[in-house]
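Numbering (this note's numbering), first residue to last: -3 to 128.
A short write-up of the structure that comes next.
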């Protein structure tokens, strides 16, 4: 108990200094006026990107295979709000099949770690196994 009391005071002092030093650092805010033309240009660029993607032959073929009329899709893209069009255009790189495999790799790693911890596999030597 005495050892714990001797450790609490220096550790609490160090933690207090660390918290205070982190709270003192405030980055400068970068603010500027955004013109309406800039916002409209961004949304029109997003719409153009969506429409050119929909005009690709492989996308048209995929839509027809699923029974979707490409003209209906064009009408829906035109009906999107500016914010929705910009969000969809930002996600466009990840939407095609095989666009981003990082999430799949992380999921696969986590599944293998859980299986290793449950003693169903013996893949990773760094896991703590709870076998009986």
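The C-beta atom is built at its ideal place from N, Cα and C for all residues, glycine as well.
From a predicted model like this one, the values you see are computed outputs, not experimental measurements.
Terminal residues of the alpha helix (DSSP H) in which residue i lies
i           : result
residue 130 : No information on residue 130 is available, as it lies outside the stretch -3 to 128 that the chain covers here.
residue 40  : 32 to 50
Pairwise C-alpha distance: residue j and residue i
i           : j           : result
residue 80  : residue 105 : 33 Å
residue 108 : residue 114 : 10 Å
residue 66  : residue 99  : 30 Å
residue 129 : residue 62  : Nothing in the structure corresponds to residue 129, since the chain is present only between -3 and 128.
Residue i Cβ short of 7 Å to the ligand MN heavy atom set
i           : result
residue 116 : Questions concerning the ligand MN fall outside what the structure shown contains, since it holds no ligand whatsoever.
Rounded distance between the beta-carbons of residue j and residue i, thought under 8 Å
i          : j          : result
residue 73 : residue 50 : 7 Å
residue 45 : residue 88 : 7 Å
residue 70 : residue 56 : Between residue 56 and residue 70 the Cβ distance is about 11 Å, and since that is not below 8 Å, they are no contact.
Note to self: Give the list of continuous beta strand (DSSP E) stretches no shorter than 3 residues that lie fully inside the segment 61 to 118.
What the structure shows: none
Check: Do the segment 69 to 83 and the segment 40 to 57 touch if we need at least three Cβ pairs shorter than 8 Å?
Finding: yes
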